[in-house]
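K.L.:
2 protein chains.
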Amino acid sequence: MFIFAYSQLLMIILHVTCGYDYTTNYITVPVDHFSYTNSDTFKMKYLMNDTYWDVDKGPIFFYAGNEAPIEDFSDNTGFMWEISREFNALVVFAEHRYYGESMPYGKSSLDDKVKLGYLTSQQAMADFVDLIKYLRNDTLCIGKRPNPVIAFGGSYGGMLAAWFRIKYPATVEGAIASSAPIWQFTGMTPCNDFYKVTSSVYRNTNIECGSTISASWKAINNVTETDSGKAWLTDNWKLCTPLETTDDVARLKYWAADVYVALAMVNYPYEANFLAPLPANPIKEVCKSMTNHTEDDATLLMSVFHGLSVYFNYTGSASCLNLSSAFSDDMTKGWNYQACTEMIMPFCTKGGEDDIFEPYPWDFESYAKYCENRYGVKPTTDDVEKQYGGKNLKAASNIIFSNGLLDPWSSGGVLKSISSTVRALLIPDGAHHLDLRASHPNDTTSVIHARKTIKHWIIKWIFDYRHRK
Amino acid sequence: MFIFAYSQLLMIILHVTCGYDYTTNYITVPVDHFSYTNSDTFKMKYLMNDTYWDVDKGPIFFYAGNEAPIEDFSDNTGFMWEISREFNALVVFAEHRYYGESMPYGKSSLDDKVKLGYLTSQQAMADFVDLIKYLRNDTLCIGKRPNPVIAFGGSYGGMLAAWFRIKYPATVEGAIASSAPIWQFTGMTPCNDFYKVTSSVYRNTNIECGSTISASWKAINNVTETDSGKAWLTDNWKLCTPLETTDDVARLKYWAADVYVALAMVNYPYEANFLAPLPANPIKEVCKSMTNHTEDDATLLMSVFHGLSVYFNYTGSASCLNLSSAFSDDMTKGWNYQACTEMIMPFCTKGGEDDIFEPYPWDFESYAKYCENRYGVKPTTDDVEKQYGGKNLKAASNIIFSNGLLDPWSSGGVLKSISSTVRALLIPDGAHHLDLRASHPNDTTSVIHARKTIKHWIIKWIFDYRHRK
Numbered sequence: 235m236f237i238f239a240y241s242q243l244l245m246i247i248l249h250v251t252c253g254y255d256y257t258t259n260y261i262t263v264p265v266d267h268f269s270y271t272n273s274d275t276f277k278m279k280y281l282m283n284d285t286y287w288d289v290d291k292g293p294i295f296f297y298a299g300n301e302a303p304i305e306d307f308s309d310n311t312g313f314m315w316e317i318s319r320e321f322n323a324l325v326v327f328a329e330h331r332y333y334g335e336s337m338p339y340g341k342s343s344l345d346d347k348v349k350l351g352y353l354t355s356q357q358a359m360a361d362f363v364d365l366i367k368y369l370r371n372d373t374l375c376i377g378k379r380p381n382p383v384i385a386f387g388g389s390y391g392g393m394l395a396a397w398f399r400i401k402y403p404a405t406v407e408g409a410i411a412s413s414a415p416i417w418q419f420t421g422m423t424p425c426n427d428f429y430k431v432t433s434s435v436y437r438n439t440n441i442e443c444g445s446t447i448s449a450s451w452k453a454i455n456n457v458t459e460t461d462s463g464k465a466w467l468t469d470n471w472k473l474c475t476p477l478e479t480t481d482d483v484a485r486l487k488y489w490a491a492d493v494y495v496a497l498a499m500v501n502y503p504y505e506a507n508f509l510a511p512l513p514a515n516p517i518k519e520v521c522k523s524m525t526n527h528t529e530d531d532a533t534l535l536m537s538v539f540h541g542l543s544v545y546f547n548y549t550g551s552a553s554c555l556n557l558s559s560a561f562s563d564d565m566t567k568g569w570n571y572q573a574c575t576e577m578i579m580p581f582c583t584k585g586g587e588d589d590i591f592e593p594y595p596w597d598f599e600s601y602a603k604y605c606e607n608r609y610g611v612k613p614t615t616d617d618v619e620k621q622y623g624g625k626n627l628k629a630a631s632n633i634i635f636s637n638g639l640l641d642p643w644s645s646g647g648v649l650k651s652i653s654s655t656v657r658a659l660l661i662p663d664g665a666h667h668l669d670l671r672a673s674h675p676n677d678t679t680s681v682i683h684a685r686k687t688i689k690h691w692i693i694k695w696i697f698d699y700r701h702r703k
Numbered sequence: 235m236f237i238f239a240y241s242q243l244l245m246i247i248l249h250v251t252c253g254y255d256y257t258t259n260y261i262t263v264p265v266d267h268f269s270y271t272n273s274d275t276f277k278m279k280y281l282m283n284d285t286y287w288d289v290d291k292g293p294i295f296f297y298a299g300n301e302a303p304i305e306d307f308s309d310n311t312g313f314m315w316e317i318s319r320e321f322n323a324l325v326v327f328a329e330h331r332y333y334g335e336s337m338p339y340g341k342s343s344l345d346d347k348v349k350l351g352y353l354t355s356q357q358a359m360a361d362f363v364d365l366i367k368y369l370r371n372d373t374l375c376i377g378k379r380p381n382p383v384i385a386f387g388g389s390y391g392g393m394l395a396a397w398f399r400i401k402y403p404a405t406v407e408g409a410i411a412s413s414a415p416i417w418q419f420t421g422m423t424p425c426n427d428f429y430k431v432t433s434s435v436y437r438n439t440n441i442e443c444g445s446t447i448s449a450s451w452k453a454i455n456n457v458t459e460t461d462s463g464k465a466w467l468t469d470n471w472k473l474c475t476p477l478e479t480t481d482d483v484a485r486l487k488y489w490a491a492d493v494y495v496a497l498a499m500v501n502y503p504y505e506a507n508f509l510a511p512l513p514a515n516p517i518k519e520v521c522k523s524m525t526n527h528t529e530d531d532a533t534l535l536m537s538v539f540h541g542l543s544v545y546f547n548y549t550g551s552a553s554c555l556n557l558s559s560a561f562s563d564d565m566t567k568g569w570n571y572q573a574c575t576e577m578i579m580p581f582c583t584k585g586g587e588d589d590i591f592e593p594y595p596w597d598f599e600s601y602a603k604y605c606e607n608r609y610g611v612k613p614t615t616d617d618v619e620k621q622y623g624g625k626n627l628k629a630a631s632n633i634i635f636s637n638g639l640l641d642p643w644s645s646g647g648v649l650k651s652i653s654s655t656v657r658a659l660l661i662p663d664g665a666h667h668l669d670l671r672a673s674h675p676n677d678t679t680s681v682i683h684a685r686k687t688i689k690h691w692i693i694k695w696i697f698d699y700r701h702r703k
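Below is the structure:
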């Protein structure tokens, strides 16, 4: 569960064309911004729209791209598009190096550790600085005119937006960091908090739902003890590949745990297809069938299966349940590499009162071994803290950390305001970066309020910027 | 003059044992902090003294080493030693990579461009972060206890101290950046400001002194037009090597201009031997002989020679005037490399009303050519602005920029307070980082006051740090 869990930060998915209009552009940037040993360059992609832009005073809304092709984020960040009109803003989405088309060494970028070594958040942010400078001077020719840059980002992109403001406050005037787990690191957040939050979402939806999931792990173990039990589960859960070994059973449990996490992330109040096509309030839907944790193992497992079906087969088009990842190796390799270098996030579960999962410790040693085997890198646990300050954000300014409390990643988020200009914004009934998504008739009061608050802060930052010049 | 001028930022010189006591230590740090392509490490040197340290509450006074062996800075930063007692501070001087003993690739560190490529301010600061973390956790075992770090630095070290606070405010609570020309870069300060300040020091000492220097360039040109004139000057200025070509004459003029700058930098109110052994208020001494710019060429050149003698022969031990640099190639190679990569500082002179020098334009193209020939690097002009924010320091906090107005480098310094916690501190009769030097009976009121102000700010920062935890 713990290695797979990383792929959930990876917010890739189904390409949906949302009808947002942009031009696709490229800028040449250095592969290495921090030494002079490598003078290679590459083309970084960015999307731009100036429909509503007022060159004399409009801000630049800059999305700090994360671990997927940039279109995935431009499609799922409707908030930026919607408010660009009232702010007369230029909209820019920058693609993160080593994702989408922005490959420093073309198709072989992810192949070897020397080429992959430049995949870091620091290098990505230095790309962003170059892009903003280039836009100001070469493309827009606005130089230092009063067009402040406001950074936006969700999830890892939200971390980048916050860090971007922390490290480059002269480049970016403020940051909207949505669902940004900047404290999901060693020594900052207990390793089981992520699954605690996930669990509370199920328990709060329906206490029996949480208990049913809790009970299901033992039920799976019981039933799959025998070969006939494995065959029964294969049959009744309609698995594409039969359960044969204990490893197969473990993989099934990982998959289920991942699904529970994914559902919590995308527990939106309307139909959406972000991680998968799902109904409105999917957890409510999932929990409908899981209402009695005292059922016998077979009955309980069938009710769990019905619940899980909401995730893997909402459309009814899946002929069987495929446990292998929906993500190709190419799609996840970049992020998994980052998770082996800078982004070491410890996860664990304890079970019982703590969470609805089977106990599973955080084992740094074995994780490090995996990283060495796969990428030839030795993970360290303190790079992020050293570079970005960890829990000490006292000197930061102009950052909104918004978090939906239904989102497992809120465990590593900033949930209390740090200072008068570094603010925590809570969306109690919101899931993973709901606030950055396009508005929807089903939006709850809390997300509508959050978006208003964000706009107020942006107005203030722009005002402060203009009246300083 | 313009390439040589860089060597004046290089504050090396005569090793003086000041009787400060310390242990000499080493820490292993990565050669590259910003990519995972190179896993080499090296030993970085640091000096430490805990005589007055109170482990329960004393701060860590951390000198951000600059472009020379660290002992040069520990010897010439008496202020830190003196106040360590009243603050119960731990004193640490960290050596900058590629200087002194801190050579990433041993004796061949400066030899080729791949090895040299990791000589950057960013990498050096990441070393400092590692050192501070290591001191806290491994050496002092204080973890996150209330021992705030205050960074100090003079000249390039002052730039590093300021940038260190800007980039790593969670690591360092405040910075004393003395004579730190963080704005001596393209687009931030006109290229002739440096020589304007230098000129004003001479003109203010004695208007005739400035005029005499102004007139001397033409006098040199006139006299050296003929071979007999060259011989005359060689003889009368006691040159070690005779003037034979126009290039030799140009070199003589460069040398003289450099001496005028150096004198302005070390125009201290007491005898000192920082760049050279010099009397108190050396410019006053130099100007004593230069009192009439209308003298005939030969008389004028003799008065100038007597003035210059104060610099090159105050002790009377020089048998002839040696125009070649006092710095070996090894001593300057590191800084000259930095001046070809990140630290491109444009200098020029205009002559006439503007300054006391011959007009000399800033020629980036030829400078770039020199850098390519010598180091195989193509200089860019905006790295510092992109990384550290240039003139926009609005989001910074807890930095004192102190500048002596006799110091040519004050031209690129922060001379006006930016905000309530980023303060400019002017020392009208102070030269290059006079405030960081040990106190002296001849200290002027202004430097005594500056040191008091600095101490007040340090007290405030420590207070704020403690009452936040």
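Sequence lines, in order, name chains A and B.
The numbers in my numbering rise by one with no breaks, and the one at position 33 of the first sequence is 267.
The numbers in my numbering rise by one with no breaks, and the one at position 50 of the second sequence is 284.
Don't be surprised by glycine CBs; every beta carbon is placed ideally from N, CA and C.
1) So, for L353 of chain B: in the same chain, excluding its five sequence neighbours on each side, which residues have a beta-carbon less than 7 Å away from its beta-carbon?
2) Can a CB atom of chain A be found closer than 9 Å to the CB of T460 of chain B?
3) Give the interface partners of R702 of chain A over in chain B, defined as CB-CB distance under 7 Å, in chain order.
4) If we define contact as Cβ-Cβ less than 9 Å, is D361 of chain B a contact residue for chain A?
5) Can you give the Cα-Cα distance for I441 of chain A and V326 of chain B, rounded to whole angstroms?
6) Note the first and the last residue of the continuous beta strand (DSSP E) segment covering R437 of chain B.
7) Taking 8 Å as the line, does the beta carbon of M524 of chain A fall inside it for any heavy atom of the ligand PLP?
8) Along chain B, in chain order, which residues have C-beta atoms closer than 8 Å to that of Q356 of chain A?
9) Taking 9 Å as the CB-CB limit, is G351 of chain B close to chain A?
10) Would you please verify whether the beta carbon of N632 of chain A is less than 9 Å from any beta carbon of chain B?
11) Nearest to S553 of chain B by CA position, among B:K291, B:D469 and B:Y390, is which residue?
12) I'd like the span of the beta strand (DSSP E) that includes V681 of chain A, first residue to last.
13) Would you identify the three-state DSSP class for S241 of chain B, choosing helix, strand or coil?
14) Buried or exposed for M235 of chain B, going by 16 or more other Cβ atoms inside 10 Å?
15) What would DSSP say about Y297 of chain A, mapped onto helix, strand or coil?
16) Is there a Cβ from chain B that is less than 9 Å from the Cβ of S241 of chain A?
17) Can you tell me the Cβ-Cβ gap for S645 of chain A and K430 of chain A, rounded? I've got them flagged as a contact below 8 Å.
18) In the stretch 561-585 of chain A, which residues sit with their C-beta less than 7 Å from some C-beta in chain B, listed in chain order?
19) Taking the C-alpha atoms as reference points, what is the distance between N526 of chain B and I294 of chain B?
20) Would you say T475 of chain B reaches chain A, if we count a Cβ-Cβ gap shorter than 9 Å as a contact?
21) Under the DSSP definition of a beta bridge, which residues are partnered with L212 of chain B?
22) In angstroms, rounded to a whole number, what distance separates the CA positions of S651 of chain B and L659 of chain B?
23) Count the other C-beta atoms from every protein chain shown that fall within 10 angstroms of the C-beta of D617 of chain B, then say buried if there are 16 or more, exposed otherwise.
24) For S355 of chain A, collect the residues of the same chain with a Cβ closer than 7 Å to its Cβ; drop the 5 residues on either side in sequence, then sort them by chain order.
25) Thinking just about the alpha-carbon of each residue, which of A:F276, A:S318 and A:F362 is nearest to the one in V289 of chain A?
26) Using a Cβ cut-off of 8 Å, pull out every chain B residue sitting near T432 of chain A, in sequence order please.
27) Quick one: residues in its chain with C-beta nearer than 6 Å to the C-beta of H249 of chain A, no 5 flanking neighbours on either side, listed in chain order?
28) Between which residues of its own chain and G610 of chain B is the CB-CB distance below 7 Å, once the five residues before and five after are set aside?
29) So, D255 of chain A versus T285 of chain A, is the Cβ gap smaller than 9 Å?
30) Under 9 Å, Cβ to Cβ, is there at least one residue of chain A near N455 of chain B?
31) Please classify R608 of chain A as buried or exposed, where buried requires at least 16 other C-beta atoms within 10 Å of its C-beta.
32) Can you give me, in chain order, the residues of the stretch 395-410 of chain A that have a beta carbon less than 7 Å from any beta carbon in chain B?
33) Under a three-way DSSP split, which group does K628 of chain B fall into?
34) DSSP has T258 of chain B in a bridge; who is on the other side?
35) V348 of chain A touches chain B at which residues, Cβ-Cβ below 7 Å?
P.N.:
According to the data block:
1) Residue 353 of chain B sits at position 119 when you count from the first residue of the second sequence. The beta carbon of L353 of chain B sits closer than 7 Å to those of R331, Y332, G568, Y571 and Q572, all from its chain and outside the five residues before and after it, given in chain order.
2) Translated into the one-based positions of the second sequence, residue 460 of chain B becomes position 226. Nearest CB-CB separation between T460 of chain B and chain A: not below the 9 Å threshold.
3) Here residue 702 of chain A is taken as the residue at index 468 of the first sequence, counted from 1. In chain order, K628 make up the part of chain B whose C-beta sits under 7 Å from the C-beta of R702 of chain A.
4) Looking up residue 361 of chain B in the second sequence gives position 127. So no, D361 of chain B is outside the interface.
5) Taking the first sequence and counting its residues from 1, the one referred to as residue 441 of chain A is at position 207. Taking the second sequence and counting its residues from 1, the one referred to as residue 326 of chain B is at position 92. Distance between the alpha carbons of I441 of chain A and V326 of chain B is about 57 Å.
6) The sequence position of residue 437 of chain B within the second sequence is 203, counting from 1. Per DSSP, R437 of chain B belongs to no beta strand (DSSP E); it is in the alpha helix (DSSP H), D427 to T439.
7) As far as ligands go, the structure on display features none, and thus does not contain the ligand PLP.
8) Taking the first residue of the first sequence as 1, we reach residue 356 of chain A at position 122. Chain B residues near Q356 of chain A: F268.
9) Numbered from 1 along the second sequence, position 117 holds the residue referred to as residue 351 of chain B. Yes, G351 of chain B lies at the interface with chain A (some Cβ there is under 9 Å from its Cβ).
10) In the first sequence, residue 632 of chain A corresponds to position 398, counting from 1. Taking Cβ atoms only, chain B reaches closer than 9 Å to N632 of chain A, which makes this a yes.
11) Within the second sequence, numbered from 1, the residue matching residue 553 of chain B stands at position 319. Taking only the C-alpha atoms, the option nearest S553 of chain B is B:D469.
12) For this step, residue 681 of chain A is matched to residue 447 along the first sequence. No beta strand (DSSP E) contains V681 of chain A, which is instead part of the alpha helix (DSSP H) from T679 to R700.
13) The count along the second sequence starts at 1 and reaches residue 241 of chain B at position 7. Annotation note: pLDDT 41 at S241 of chain B (below 50); position unreliable, no value reported.
14) As a working mapping, residue 235 of chain B is identified with position 1 in the second sequence. In this predicted model, M235 of chain B has a pLDDT of only 29, less than 50, meaning its place in the structure is not dependable enough to derive any value.
15) As a first step, residue 297 of chain A must be located in the first sequence, where it is residue number 63. Per DSSP, reduced to three states, the secondary structure at Y297 of chain A is strand.
16) Here residue 241 of chain A is taken as the residue at index 7 of the first sequence, counted from 1. With a pLDDT of only 42 at S241 of chain A, under the threshold of 50, the placement of this residue in the model should not be trusted; the figure read from the coordinates follows. Output row for S241 of chain A: interface = no.
17) As a position in the first sequence, residue 645 of chain A is number 411, starting the count at 1. As a position in the first sequence, residue 430 of chain A is number 196, starting the count at 1. With 8 Å as the limit, S645 of chain A and K430 of chain A qualify as a contact, their Cβ atoms being about 7 Å apart.
18) Residues of the stretch 561-585 of chain A whose Cβ lies closer than 7 Å to any Cβ of chain B, in chain order: T575.
19) Stepping through the second sequence from its first residue, residue 526 of chain B is reached at position 292. Stepping through the second sequence from its first residue, residue 294 of chain B is reached at position 60. The alpha-carbon atoms of N526 of chain B and I294 of chain B are separated by roughly 52 Å.
20) Numbered from 1 along the second sequence, position 241 holds the residue referred to as residue 475 of chain B. Answer no: the Cβ-Cβ gap between T475 of chain B and chain A never drops below 9 Å.
21) The question about residue 212 of chain B has no answer, for chain B in this structure spans 235 to 703.
22) The residue given as residue 651 of chain B occupies position 417 in the second sequence. The residue given as residue 659 of chain B occupies position 425 in the second sequence. S651 of chain B and L659 of chain B have their alpha carbons spaced roughly 8 Å apart.
23) The residue labelled residue 617 of chain B in the question sits at position 383 within the second sequence. It is buried - the Cβ of D617 of chain B has at least 16 other Cβ atoms within 10 Å.
24) Your numbering for residue 355 of chain A matches position 121 in the first sequence. Answer for S355 of chain A: L394, W397 and E576, listed in chain order.
25) The residue given as residue 289 of chain A occupies position 55 in the first sequence. Comparing C-alpha distances from V289 of chain A to each of A:F276, A:S318 and A:F362 shows the shortest one belongs to A:S318.
26) Here the question's residue 432 of chain A lines up with position 198 in the first sequence. Simply none; closest approach about 29 Å.
27) Within the first sequence, the letter at position 15 stands for residue 249 of chain A. Because H249 of chain A sits at a pLDDT of 44, beneath the cut-off of 50, its placement in the model cannot be relied upon, and the following sentence gives the value as read from the coordinates. Within the same chain, no residue comes within 6 Å of H249 of chain A by CB-CB distance, once the 5 residues on both sides are set aside.
28) As a working note, residue 610 of chain B is residue 376 in the second sequence. Contacts found: K347.
29) In the first sequence, residue 255 of chain A corresponds to position 21, counting from 1. In the first sequence, residue 285 of chain A corresponds to position 51, counting from 1. Yes; because the gap between Cβ atoms is below 9 Å, this pair is in contact.
30) As a position in the second sequence, residue 455 of chain B is number 221, starting the count at 1. N455 of chain B does not count as touching chain A.
31) By 1-based counting over the first sequence, the position of residue 608 of chain A is 374. Exposed, since its Cβ has fewer than 16 Cβ neighbours within 10 Å.
32) Listed in sequence order: K401, P403 and A404.
33) In the second sequence, residue 628 of chain B corresponds to position 394, counting from 1. The answer is coil: DSSP assigns K628 of chain B none of H, G, I, E or B.
34) Taking the second sequence and counting its residues from 1, one reaches residue 258 of chain B at position 24. For T258 of chain B, which the question treats as bridged, DSSP gives the partners B:L281.
35) Reading the first sequence from its first residue, position 114 is the one you call residue 348 of chain A. Within chain B, the residues near V348 of chain A are T271.
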